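Protein chains in written order, with the working numbering: chain Z, 2 to 232; chain C, 2 to 232.
Glycine included, each C-beta is placed from N, C-alpha and C at the ideal position.
Bear in mind the structure is a predicted one, so any value in this text is a computation, not a measurement.
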DNA sequence: TGTGTGTATTGATATATATCAATGCAGATT
DNA sequence: AATCTGCATTGATATATATCAATACACACA
């Protein structure tokens, strides 16, 4: 866990948040002075639902999963975390608590920036504040539409949507290795793991995807999109 | 629809947003110069999903319903709108579009404030920006937990939760007249109208509520809370 | 007073989906 | 090679919930 760092300065960091572009050089240096770094192995928890938010987290590389532990020990996965995105959560400006857990899916190098510093900059730099507002808004809107989708779509539609999410937004490729177990895919798409298996089998039989165990290939994206839209 | 106004100035308005307290007198006056007012009858649409956001809306009195029109013409109600709350939606800082519809449930007097003015003030007054951030965050967190509840609770739990929402947050009393039809209650709690009827009947038979048609009385709040927590 | 219109209610049935139980399979460990 | 462990798969079954259809009821209005 103790390791020193490829990323030595925020100035040239490739993994940072786009909103940092709204900061002056001095402000960015201030951020840089208040960061630290840590490594995580797959399965390790980076922060835990319920714990206080001391820092904003950015993944320098690797991926993680964001999930809520709900009623009855059931988990609901919110999404996959990767670089360039602020991971802080809506609790930052409400109760200063994490409302979900972040766990590493792969080897992860994470960057921690003191939240007090970011909040200070929100008050100092209004463009940065606006960027923060945009970020929170985008995520809220996202949650919104996932909510709608879970309320109104049937399983096939949700699974299609999930595959498109993984291909388009996470792996940015129609061919990728599945990071998630069937159990986890179920937590992400809101269904039982057995249902995941059956639906992936359906998609395979209909030649919409090719599923050679961890290797996924989307064969018919239009059809998948169609199923997602109204499945 | 054309009517002039009991509320003549924002300074002494009882229905305003708490974040306006972060504005200076001059700034508040500026807001006031950029507002207008309109009356709506029950059922009338105040703004519509998809349309551009030109103004933030505040209800001076009366109540409205916020809902998304989703797939297959099914509606999903997000919540009830009432005074003192900013109604703008997460689209403000994303695509400048409304992502849901606001329709009057009762007679409504609404106040419209130009969104450009609020955005300008966000850049000018960092405390106001922070207040905005807090508002968006709170709502995001809310959506979050409703999402969780819809994913994991069964119908009785969701209906109990809905009744508690109406009693605690909307009417602020355990006795109230139901604003919503069974259909609408279903859209709010995520179930078919027939299920609403059956569950309310169950609650009545178990003496958890008394339901004399539009008149609702919560008799056993602890039990309702219990059902909500784990139903 | 009667007719219509929309909502509420009820019971019967269909369907999606979860749960349960058994088996298979692959990689780790001895 | 044999055993273990965790995950994937499959089929059988249970359950929650939606849908459909019929009826009842309340309120507007002719």
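Short of 9 Å Cβ to Cβ, which residues in the segment 87-111 of chain Z face chain C? In summary, the residues of the segment 87-111 of chain Z whose CB is separated from some CB of chain C by less than 9 Å are 90, 91, 92, 93, 94, 95, 96, 100, 101, in the order they occur in the chain.
Where do the N-terminal and C-terminal ends of the alpha helix (DSSP H) with residue 132 of chain Z fall, by residue? Counting along the chain, the alpha helix (DSSP H) containing residue 132 of chain Z begins and ends at 127-153.
Residue 165 of chain Z to residue 187 of chain Z, Cα distance in whole Å? When rounded, the distance between both Cα atoms is 15 Å.
Along the alpha helix (DSSP H) that carries residue 65 of chain Z, what are the first and last residues, could you check? Element bounds for residue 65 of chain Z: not the alpha helix (DSSP H) but the beta strand (DSSP E), 65-70.
Which listed residue (C/130, C/45, C/180) has its alpha carbon closest to that of residue 104 of chain C: Ranking the options by Cα distance to residue 104 of chain C, first place goes to C/45.
Can you tell me whether residue 170 of chain Z is buried or exposed, with buried defined as 16 or more other CB within 10 angstroms of its CB? Residue 170 of chain Z is exposed by the Cβ-count criterion.
Between which two residues does the alpha helix (DSSP H) carrying residue 33 of chain C extend? Start and end: 26-34.
Contact criterion: CB-CB distance below 8 Å. Does residue 123 of chain C meet it with respect to chain Z? Closer than 8 Å to some Cβ of chain Z, the Cβ of residue 123 of chain C qualifies, so yes.
What does the Cβ neighbour count give for residue 74 of chain Z, buried or exposed, with the cut at 16 atoms within 10 Å? Residue burial annotation: residue 74 of chain Z is exposed, with fewer than 16 other C-beta atoms found within 10 angstroms of its C-beta.
Check residue 51 of chain C in the structure and name its three-state DSSP category. Coil, per DSSP.
With 7 Å as the C-beta to C-beta threshold (strictly closer), list the residues of the segment 163-192 of chain Z near chain C in chain order. Within the segment 163-192 of chain Z, the qualifying residues are 191.
Outcome for residue 190 of chain C when other beta-carbon atoms lying within 10 angstroms are tallied against a minimum of 16: Classification for residue 190 of chain C: buried.
Are the segment 123-143 of chain Z and the segment 206-221 of chain Z in contact at 8 Å, needing three or more beta carbon pairs? The answer is no - the segment 206-221 of chain Z does not touch the segment 123-143 of chain Z, with fewer than three Cβ pairs under 8 Å.
Straight-line CA distance for residue 155 of chain C to residue 163 of chain Z? Straight-line Cα distance between these residues: approximately 23 Å.
Could you tell me whether any non-hydrogen atom of the ligand PLP is closer than 7 Å to the CB of residue 78 of chain C? Here there are no bound small molecules, and the ligand PLP is not part of this structure.
What are the partner residues of residue 98 of chain C, as DSSP defines its beta bridges? Its beta-bridge partners are C/53.
Would you please state the rounded distance, in angstroms, between the beta carbons of residue 222 of chain Z and residue 178 of chain Z? I believe it to be under 8 Å. Incorrect: roughly 18 Å between the Cβ atoms, too far for contact.
Beta-ladder partner(s) of residue 46 of chain C, from DSSP: Paired residues: C/104.
Of the residues Z/150, Z/37, Z/21, Z/112, the one placed nearest residue 128 of chain Z, counting alpha carbons only: When only C-alpha atoms are compared, the closest one is Z/21.
When DSSP builds the beta bridges, which residues end up paired with residue 211 of chain Z? DSSP lists Z/218 as partners of residue 211 of chain Z.
Contact between the segment 86-106 of chain Z and the segment 40-59 of chain Z is defined here as three or more beta-carbon pairs at a separation below 8 Å; is this criterion met? In this structure the segment 86-106 of chain Z touches the segment 40-59 of chain Z; the number of beta carbon pairs closer than 8 Å is three or more.
Would you call the segment 78-97 of chain C in contact with the segment 14-32 of chain C, where contact means no fewer than 3 C-beta pairs closer than 8 Å? The segment 78-97 of chain C vs the segment 14-32 of chain C: in contact.
Of all the residues that make up the segment 9-22 of chain Z, which are near chain C by a beta-carbon distance shorter than 7 Å? Residues of the segment 9-22 of chain Z with a Cβ closer than 7 Å to any Cβ of chain C: none.
Taking only beta carbons into account, state which residues of the segment 144-156 of chain Z come closer than 9 Å to chain C, listed in chain order. Cβ contacts with chain C come from 144, 145, 146, 147, 148, 149, 150, 151, 152, 153, 154.
Go ahead and pull the three-state DSSP assignment for residue 60 of chain C. In the displayed model, residue 60 of chain C falls within a strand according to three-state DSSP.
Among C/57, C/119, C/50, C/200, which one has its Cα closest to the Cα of residue 1 of chain C? Residue 1 of chain C is absent from the structure shown; chain C starts at 2 and stops at 232.
Helix, strand or coil: how does DSSP classify residue 120 of chain Z here? Helix at residue 120 of chain Z.
Contacts of residue 133 of chain Z in chain C (Cβ-Cβ under 9 Å): In chain order, 130, 134 make up the part of chain C whose C-beta sits under 9 Å from the C-beta of residue 133 of chain Z.
Mind checking which residues open and close the alpha helix (DSSP H) that includes residue 200 of chain C? 194-206 is the span of the alpha helix (DSSP H), which, as asked, contains residue 200 of chain C.
Please report how far the alpha carbon of residue 227 of chain C lies from the alpha carbon of residue 96 of chain C, in whole angstroms. Straight through space, the alpha carbons of residue 96 of chain C and residue 227 of chain C are spaced by roughly 40 Å.
Beta-carbon proximity list for residue 257 of chain Z, same chain, < 6 Å, skipping 5 on both sides: Not covered by the structure: residue 257 of chain Z. The range shown for chain Z is 2 to 232.
Rounded to the nearest angstrom, what separates residue 70 of chain C and residue 160 of chain Z at their Cα positions? Going from the Cα of residue 70 of chain C to the Cα of residue 160 of chain Z covers about 22 Å.
Provide the residue(s) that pair with residue 114 of chain Z in DSSP beta bridges, ordered along the chain. DSSP links residue 114 of chain Z through a beta bridge to Z/36, Z/57.
Endpoints, the beta strand (DSSP E) within which residue 82 of chain Z is located: From DSSP, the beta strand (DSSP E) with residue 82 of chain Z extends over 76-82.
Contact defined as beta carbons within less than 8 Å: I believe residue 116 of chain C pairs with residue 54 of chain C. What is the distance between those atoms, to the nearest angstrom? Right, their Cβ atoms sit about 6 Å apart.
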